[in-house]
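In my numbering, the protein residues as written are 1 to 306.
Quick reminder that beta carbons are idealized off the backbone N, C-alpha and C, glycines included.
Just so we're clear, the structure is a prediction, and the values are computed from it rather than from any experiment.
Below is one structure, written out as structure tokens; comments come after it.
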Amino acid sequence: MSRQSFSAVLLALTLASCAPRVSVDLLSSRPKDWDYQRVAVIDENAELPSSAVKLGEVTAEDAPLSASHYNVVLSAAAEEVWKQGGNVLQVTQSSKTPFFAWKGDCSVKGNMLYVPCPDSLAVVRYVNTMQAIYPLESNTWELSLSVSGKPVYAGIPAMDYKPEEGCVNTKPYGLFSLLAAWQFHPRWAVTGSVGYSHFDYREYRADAWNYTGNGDVATAFAGVRFYHVSRPAFKLYSAVQAGAFFWFKNLDSPVKRNWHLGGQVTWLGMQFGRKWFFDWELLGVGDYYTVIIPLAGGRIGVGYRF
Numbered sequence: 001m002s003r004q005s006f007s008a009v010l011l012a013l014t015l016a017s018c019a020p021r022v023s024v025d026l027l028s029s030r031p032k033d034w035d036y037q038r039v040a041v042i043d044e045n046a047e048l049p050s051s052a053v054k055l056g057e058v059t060a061e062d063a064p065l066s067a068s069h070y071n072v073v074l075s076a077a078a079e080e081v082w083k084q085g086g087n088v089l090q091v092t093q094s095s096k097t098p099f100f101a102w103k104g105d106c107s108v109k110g111n112m113l114y115v116p117c118p119d120s121l122a123v124v125r126y127v128n129t130m131q132a133i134y135p136l137e138s139n140t141w142e143l144s145l146s147v148s149g150k151p152v153y154a155g156i157p158a159m160d161y162k163p164e165e166g167c168v169n170t171k172p173y174g175l176f177s178l179l180a181a182w183q184f185h186p187r188w189a190v191t192g193s194v195g196y197s198h199f200d201y202r203e204y205r206a207d208a209w210n211y212t213g214n215g216d217v218a219t220a221f222a223g224v225r226f227y228h229v230s231r232p233a234f235k236l237y238s239a240v241q242a243g244a245f246f247w248f249k250n251l252d253s254p255v256k257r258n259w260h261l262g263g264q265v266t267w268l269g270m271q272f273g274r275k276w277f278f279d280w281e282l283l284g285v286g287d288y289y290t291v292i293i294p295l296a297g298g299r300i301g302v303g304y305r306f
């Protein structure tokens with residue numbers, strides 16, 4: 001086994017050993033309620049309505065190699081209640097570790113319940129169980145119009161760049177693009193886009209940039225997108241696109257056209273909104289934009305989901 005593989009396995013084992021241990025004694029289960037992702041926590045002596053349904057019992061306890069806070073263990077138990085279709089955790093036993101203790105000893109045991117109207121109970125607290133990946137009721141189409149920052153053909157940004165006499169520079173005026181995406185899976189979508197950009201050629205002479213010509217760029221890309229978080233009103237994703245990059249040069253000669261393979265890699269993109277949404281890609285490199293440091297460029301746009 002290579003050193004990298006051994007490190008990855010060791011990291012996975014460490015994370016697994018630090019997570020709270022959860023066990024379930026299940027009597028029955030219900031469909032998850034995606035519109036109500038929180039669990040009410042009540043005491044053992046809380047009065048229950050006749051409509052309350054017991055789904056089973058859950059036990060969550062601190063992992064052997066960690067000293068988890070009590071809230072982490074309680075959240076793990078509440079998460080299991082929600083997964084089984086419940087909305088109430090009735091705590092029957094619990095223990096808390098002192099704040100400065102070296103060895104954790106937190107535990108929660110309780111009944112998993114479904115109550116039609118949990119707000120009527122004597123609730124001690126609510127635990128949110130926000131899921132990163134939301135199930136798709138149907139395949140989703142979206143269309144967005146956006147503008148990007150400095151593309152890779154204009155050069156990689158340099159923080160301390162100082163021009164010298166005779167340097168040639170390409171100044172783009174943003175790349176406007178129309179992007180379509182089809183999310184066919186909670187984590188995956190296929191994408192296609194067309195884009196256009198205008199730029200100036202400049203040469204550095206006499207301590208100034210001097211215009212020497214201009215040109216145009218057009219793109220036609222297709223790719224895939226992977227969602228790290230996919231919820232109705234918020235999505236976090238990475239993406240890759242590849243396709244044709246057309247370069248129309250208009251210097252001191254008739255129009256010269258050529259093309260080559262182009263692409264765009266997006267390491268971090270976000271969307272905010274349900275039907276109408278704001279789209280922001282803030283880390284990536286390619287023929288749409290080049291961002292090495294987040295918040296210093298990228299692609300921003302607005303879109304609509306069908």
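Original post:
Taking the alpha-carbon positions, what's the D200 to H69 distance?
Top reply: 58 Å
Original post:
Helix or strand or just coil, what does DSSP make of M159?
Top reply: Note that M159 scores a pLDDT of 48, beneath 50, so its modelled location is shaky; the value from the coordinates is reported in the next line. If DSSP states are grouped into helix, strand and coil, M159 belongs with coil.
Subject >> Three-state secondary structure assigned by DSSP to Y70 >> reply: helix
Subject >> Endpoints, the beta strand (DSSP E) within which G298 is located >> reply: First-last for G298: undefined, no H or E at that position.
Subject >> Short Cβ contact (7 Å threshold) for N87 with P49 >> reply: no
Original post:
CB F212 to CB D287, shorter than 7 Å?
Top reply: Sequence inspection shows Thr at residue 212; the Phe mentioned does not correspond to that position. Not a contact, by the Cβ cut-off of 7 Å.
**OP:** Under 8 Å by Cβ, that's how I've got V73 and C106 pegged, so tell me the actual separation to the nearest angstrom.
**Re:** 4 Å
**OP:** With distances taken Cα to Cα, identify the nearest neighbour of N128 among G166, P151 and S75.
**Re:** S75
**OP:** Please determine, among T170, H185, Y173 and K171, the residue with the shortest C-alpha to C-alpha distance to P135.
**Re:** H185
Original post:
The beta strand (DSSP E) with S197 in it runs from where to where?
Top reply: W188 to R205
Original post:
Alpha carbon to alpha carbon, what distance is there between Y196 and A40?
Top reply: 52 Å
**OP:** Following the continuous beta strand (DSSP E) through D216, name the residue where it begins and the one where it ends.
**Re:** A208 to R231
Original post:
How many angstroms separate the CA atom of D252 from the CA atom of G303?
Top reply: In this prediction, D252 scores a pLDDT of 49, lower than 50, which makes its location untrustworthy; no coordinate-derived value is stated.
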